[in-house]
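Here the sequence shown is numbered in the working numbering, starting from 23 and rising by one per residue.
Backbone N, C-alpha and C fix where the C-beta goes; we use that ideal spot for every residue, glycine too.
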Amino acid sequence: MRRRKTLVVCQPCADGRSVELSAGLIDSQSVRTAGTVPVSTRGFDAGKKVKGRKRFIVADTLGLLLAVHVVAASVQDRDGAKRPLLRAHLDHPSIQKVWADQGFSGRLVDWSASILGRELEIVRKAPDQRGFQVQPKRWALSGRSPG
Numbered sequence: 023m024r025r026r027k028t029l030v031v032c033q034p035c036a037d038g039r040s041v042e043l044s045a046g047l048i049d050s051q052s053v054r055t056a057g058t059v060p061v062s063t064r065g066f067d068a069g070k071k072v073k074g075r076k077r078f079i080v081a082d083t084l085g086l087l088l089a090v091h092v093v094a095a096s097v098q099d100r101d102g103a104k105r106p107l108l109r110a111h112l113d114h115p116s117i118q119k120v121w122a123d124q125g126f127s128g129r130l131v132d133w134s135a136s137i138l139g140r141e142l143e144i145v146r147k148a149p150d151q152r153g154f155q156v157q158p159k160r161w162a163l164s165g166r167s168p169g
């Protein structure tokens, strides 16, 4: 049996940037679960009308995962985000700014600044926006390219 050698290239290095991460993004997604999933680990997200679980993802600006946390869908974004933000902070201390949508505003911004010493910037949609539109700084997690 022959072994293949794999060349691993650091993506930021290939793009001519520093290896140290300086910014990230956080988002959440509610997903339906099967009826066989224990009630203790699922909930109802009233905003999205979904019964199931919610996953929180922290990624770098390329969309590469830095932290993942799964909770019942009934957990509010600003409450469920603390653990993945802390994990990303501990694993990647060079990150100084994290972008988030409006669901993460409020106490979480102050918590991030005082406890983690990191800026949590809320990316707000335009006042006249109707329907889905890719937001600046957050497109890496939306699965779509900007513009």
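Check	Outcome
Contacting residues, own chain, Cβ-Cβ under 6 Å from Arg109 (five flanking each side not counted)	Ala89
Ile117 (DSSP reduced to helix, strand or coil)	coil
Other residues of its chain near Asp113: CB distance less than 6 Å, five sequence neighbours each side excluded	none
CB contact flag (Asp67, Ala45, <8 Å)	no
Contact check, Val120 vs Leu47, beta carbons under 8 Å	yes
Delimiting residues of the beta strand (DSSP E) encompassing Asp67	65 to 67
Pairwise C-alpha distance: Ser52 and Leu142	21 Å
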